[in-house]
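Scroll down for the structure; my scribbles are underneath it.
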Amino acid sequence: MKNTRAFFKTTLIAASLSLISFTSQAADISSRNLKMPIVNAIDHPQGIGAKVFVDEVAKHSDNKIKIKIFPNGTLGGEQQVASAMQGGTIEISMMSPAQIVGTIPEFVALDFPFSFKNTAQADAVLDGPFGQKLLDYMPAKGWVGLAYMEQGYRSISNNKHPITKLEDVKGLKIRTILNPLYVDMFNALGANAVPLPMPELYTAMETRTVDGQENPETSVDANKYYEVQKYFSGTRHIYNPQLLMVSKKLWDKLSDDEKKIFKDASIVARDAQRKAARDMTEVSRKNLIEKGMQLNELSPEEIERMRVAVEPVTQKYAAKLDPALLKQFKDELERTKDL
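Here the sequence shown is numbered in this note's numbering, starting from 826 and rising by one per residue.
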């Protein structure tokens, strides 16, 4: 992880030199001590984004607003944290929108398999009117969404064999997040989906309760899954954003000046985090190879076979969306397809 740590330090320095300016002379800023749990390690891109956000808020509140990061799922899995945020016992976090689909079903659109061709398209859709429309659903459910960050393209790792074709997935016990679409998707691919919270994943792989999991290279690297996994296959079945989100109970207590600090800090953190996630992907790939993992890519033909296999799952969940929202999502994908 030496290269990763060096990259982490470089990213933080770059973020501190951001050209975005803040109003540091805010008159209405209270002293606050807040909690921000995340499920990944602090030198994972998720941790980098969290650290930049925390530092920016502290700097521009004259260190009055202090946010403590709790990495590695130490305060629980993402759904547990999301629930605690609704109650106000946890104030801030960063997680996949897939974790709150049970409460805000509209977010399921972001999990449709093989939707985003590249990160430029994902950025354009998420930072545009459609992404904002999804954020607008959050306050009524107890959260405020500040910005979309990046988890990355999810791919499959396992300890049985490389996945080079659709048939190689058959029979593998694959851990998924606690989300019905993910379970249905992997069952459609022929796997046996096993939904588990992320803090339980390493042990499940170590004890062979599951054969594998699906996450980006950076997660496999930062969480040391290479210790219990042999093969990483670039299926890139879902592009996974991250939501930087705040408890509505906290948000309602913030002054306008404090809200501006949070919003401005979220944009600095978003840009730094996305860059880190993308730059670190190649660093992580090299680290995984050095740690003994075998990496392989799939042919475009096999990716298309997988897309066809899971199309009924996409249609099942698309049918649950408001037709106007679904049309807006499809229109945005069409508008941005050549980016």
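Note that CB positions come from ideal geometry on N, CA and C, so glycine has one too.
Please read these numbers as outputs of a predicted model, since none were measured by experiment.
For residue i, which of helix, strand or coil comes out of DSSP?
i, result
"Gln976", "strand"
"Lys1116", "coil"
"Met1070", "strand"
"Ile854", "coil"
"Pro1020", "strand"
"Ser846", "Because the pLDDT at Ser846 is just 44, under 50, the model does not fix this residue reliably, and the value given afterwards should be weighed accordingly. Three-state DSSP puts Ser846 in coil, outside helix and strand."
"Val969", "strand"
"Gly996", "coil"
"Asn1012", "helix"
"Gly1037", "strand"
"Tyr1064", "strand"
"Ser1124", "coil"
"Ser1109", "helix"
"Tyr962", "coil"
"Ser1080", "coil"
"Thr1161", "coil"
"Gly1059", "strand"
"Ile1002", "coil"
"Ile1086", "helix"
What do you reckon, are the CB atoms on residue i and residue j nearer than 8 Å?
i, j, result
"Thr989", "Pro1020", "no"
"Gly913", "Ser1072", "yes"
"Leu971", "Phe1087", "yes"
"Ala875", "Ile894", "yes"
"Ala1018", "Pro1137", "no"
"His885", "Thr1043", "no"
"Ser1058", "Ile1114", "no"
"Gln1098", "Val877", "yes"
"Ile863", "Ser918", "yes"
"Ala949", "Leu1164", "yes"
"Val1053", "Glu1025", "no"
"Gly927", "Asn984", "no"
"Val994", "Gly1015", "yes"
"Thr1139", "Phe937", "yes"
"Val906", "Ile892", "no"
"Tyr1007", "Ala1143", "no"
What separation, rounded to the nearest whole angstrom, lies between the Cα atoms of residue i and residue j?
i, j, result
"Pro1125", "Arg1061", "11 Å"
"Glu1122", "Tyr1056", "11 Å"
"Leu1158", "Asn1112", "33 Å"
"Met920", "Gly953", "20 Å"
"Glu1107", "Glu1129", "24 Å"
"Pro1022", "Gly902", "6 Å"
"Asp1077", "Lys1084", "9 Å"
"Gln897", "Asn865", "Checking the sequence, you will find Asn at residue 897 rather than Gln. Going from the Cα of Asn897 to the Cα of Asn865 covers about 5 Å."
"Tyr1050", "Met1118", "10 Å"
"Glu916", "Glu992", "44 Å"
"Ile1149", "Gln946", "One point to set straight first is that residue 1149 is Ala, not Ile, in the sequence displayed. Distance between the alpha carbons of Ala1149 and Gln946 is about 21 Å."
"Asp1082", "Leu1068", "22 Å"
"Lys1074", "Gln911", "7 Å"
"Asp1009", "Glu1127", "19 Å"
"Lys799", "Ser940", "Missing from the structure shown is residue 799; the chain here goes from 826 to 1164 and no further."
"Gln904", "Asn858", "22 Å"
"Val1093", "Leu935", "23 Å"
"Phe932", "His986", "33 Å"
"Ala1047", "Ile867", "8 Å"
"Arg1160", "Lys1116", "41 Å"
"Met861", "Ala1101", "19 Å"
Just to check my reading of the structure: residue i and residue j have Cβ atoms closer than 8 Å, yes? What is that Cβ distance to the nearest angstrom?
i, j, result
"Ile929", "Lys966", "6 Å"
"Arg1095", "Met974", "6 Å"
"Pro1041", "Arg979", "6 Å"
"Ile854", "Ser1080", "7 Å"
"Lys1162", "Lys942", "7 Å"
Counting only beta-carbon atoms, is residue i nearer than 8 Å to chain B?
i, result
"Lys1084", "Among the protein chains of the structure shown there is no chain B, as only one such chain exists."
Mind pulling the beta strand (DSSP E) runs of 3 or more residues that sit fully within the stretch 860-945?
Listed in chain order, the complete beta strand (DSSP E) runs (minimum 3 residues) inside the stretch 860-945 are 890-895 and 917-920.
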